[in-house]
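Notes follow once the structure below has been shown.
Residue numbers (our numbering): 217 to 524.
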């Protein structure tokens, strides 16, 4: 009977047609409305909008880089792209000015200010988060209020104070000012991060034989790494961009930070635009490198130290 049935089939028909709801039948999975695209139309629109916003934000930096490479005779031309790129502008701005010394001063001041802020704010924030001492709320309020003061409003007092201490025209004046005015934010944000970490994790580490300092170093600090990174970025950029206090307290050209050094290209009767923008490109490179290096530690710090 099986022979007659097989003989009665039409050649080329193959297996019986499966219903649409059966496994392997019906429409193929993974094919949407856009002809097999794995992205929906809404996702594509949001992606396109994100690209447009990114281009709008990047355009000023592209214009800055192009202007830094323009020849001197094409600075006022209408063309967006110059006829040739004058790479010698970066060499000239490095050789004919104190830009190299200014860059070293900015790196030194921003780095030491950030280190000073971390050394002071980490123990202060940890103690404030773990101990419920009398006046804790008032202390945190005062920390927040001091963040509202601007160094510009205190320039006269700062100048007189550093004059008495014989610290005018020195790196230490800038380090102390930048560290003092960024300390409040660091204490505030680190207190919030330390408070969010359960104290039971430290107690468990101490039961396993770790000391208080060991539990802080191996458990608490890795978990608070996102807050530490935020404090580092905020302090470094604030110290890097500081202009007014540095302009008043430091007068020697090769001791001034980069923000003040770039200002020297703005003359009373002429502006060296190509050198000004070349110096601006040099000024943003360390910040970009800092973000590229430190960004990966933000996500890894969320879970590091939570398990043994």
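The beta-carbon is built from N, C-alpha and C at its ideal position, and this holds for glycine as well.
On a predicted model such as this, the values are computed, not experimentally measured, just so you know.
Counting C-beta neighbours from all protein chains within 10 Å, is the total for residue 401 16 or more, i.e. buried, or is it exposed? buried
Going residue by residue through the stretch 303–380, where are the continuous alpha helix (DSSP H) segments of at least 4 residues, counting only ones entirely within it? The qualifying runs are 304–311, 315–346, 352–362 and 371–380.
For residue 409, does the count of other Cβ atoms within 10 angstroms reach 16, so buried, or fall short, so exposed? buried
Check whether the Cβ atoms of residue 344 and residue 356 sit closer than 8 Å, and answer yes or no. yes
From what residue to what residue does the alpha helix (DSSP H) around residue 418 run? 415–423
Looking at the unbroken alpha helix (DSSP H) that takes in residue 398, where does it start and where does it end? Counting along the chain, the alpha helix (DSSP H) containing residue 398 begins and ends at 387–412.
In three-state DSSP terms, what is residue 384? Coil, per DSSP.
Hey, would you say residue 322 sits closer than 8 Å to residue 456, going by beta carbons? yes
If we ignore side chains and look at the alpha-carbon of each, how far apart do residue 508 and residue 413 end up? Looking at the two C-alpha atoms, the distance is approximately 27 Å.
For the alpha helix (DSSP H) holding residue 472, just list the boundary residues, first then last. Per DSSP, residue 472 belongs to no alpha helix (DSSP H) and is neither H nor E.
Thinking just about the alpha-carbon of each residue, which of 496, 501, 382 and 488 is nearest to the one in residue 291? When C-alpha distances from residue 291 are compared across 496, 501, 382 and 488, the shortest belongs to 488.
Confirm, please, whether the CB-CB distance from residue 448 to residue 500 is below 8 Å. Cβ distance not < 8 Å, so residue 500 and residue 448 don't count as in contact.
Just to confirm, are residue 506 and residue 319 a CB contact at a threshold of 8 Å? no
Within 10 Å of its beta-carbon, does residue 419 have 16 or more other beta-carbons around it, so buried, or fewer, so exposed? exposed
Where does residue 237 fall in DSSP's three states? In this prediction, residue 237 has a pLDDT of 45, which is less than 50 and means its spatial position is unreliable; nothing more can be read from the coordinates.
List the residues that DSSP assigns as beta-bridge partners of residue 525. Since the first residue shown for the chain is 217 and the last is 524, residue 525 is missing from the structure and cannot be characterised.
Is it right to say residue 504 is buried, meaning 16 or more other beta carbons lie within 10 angstroms of its own, or is it exposed? With fewer than 16 Cβ atoms within 10 Å of its Cβ, residue 504 is classed as exposed.
Between residue 440 and residue 431, how many whole angstroms is the CB-CB distance? I'm expecting something under 8 Å. Actually they do not touch by this definition, with Cβ atoms about 13 Å apart.
Is the beta carbon of residue 415 less than 8 Å from the beta carbon of residue 340? no
So residue 430 is in the alpha helix (DSSP H); what residue range does that whole segment cover? 428–431
Residue 452 vs residue 330 beta-carbon contact at 8 Å: yes
State yes or no: is the C-beta of residue 497 within less than 8 Å of the C-beta of residue 284? yes
Can you tell me which of the three DSSP states residue 222 falls into? Only weak support exists for where residue 222 lies, its pLDDT of 44 falling under 50; the coordinates are left without a value.
Using a Cβ-Cβ cut-off of 8 Å (strictly less than) and excluding sequence neighbours within five positions of residue 471, which residues of its own chain qualify? 317, 321, 385, 386 and 387
Leaving aside the five residues before and after residue 300 along the sequence, list all residues of the same chain whose C-beta is less than 7 Å from its C-beta, in chain order. 287
Need the endpoints of the alpha helix (DSSP H) that residue 279 sits in, please. 257–284
Same chain, Cβ closer than 8 Å to residue 492, five either side skipped, listed in chain order: 478, 481 and 482
Would DSSP call residue 451 helix, strand or coil? helix
Please go through the same chain and pick out, in chain order, the residues whose beta-carbon is closer than 6 Å to the beta-carbon of residue 326, but skip the five residues on each side of it. 452, 455 and 456
Measuring straight from C-alpha to C-alpha, what distance separates residue 370 and residue 378? 12 Å
Please return the same chain residues whose Cβ sits closer than 8 Å to the Cβ of residue 304, not counting the five positions on each side in sequence. none
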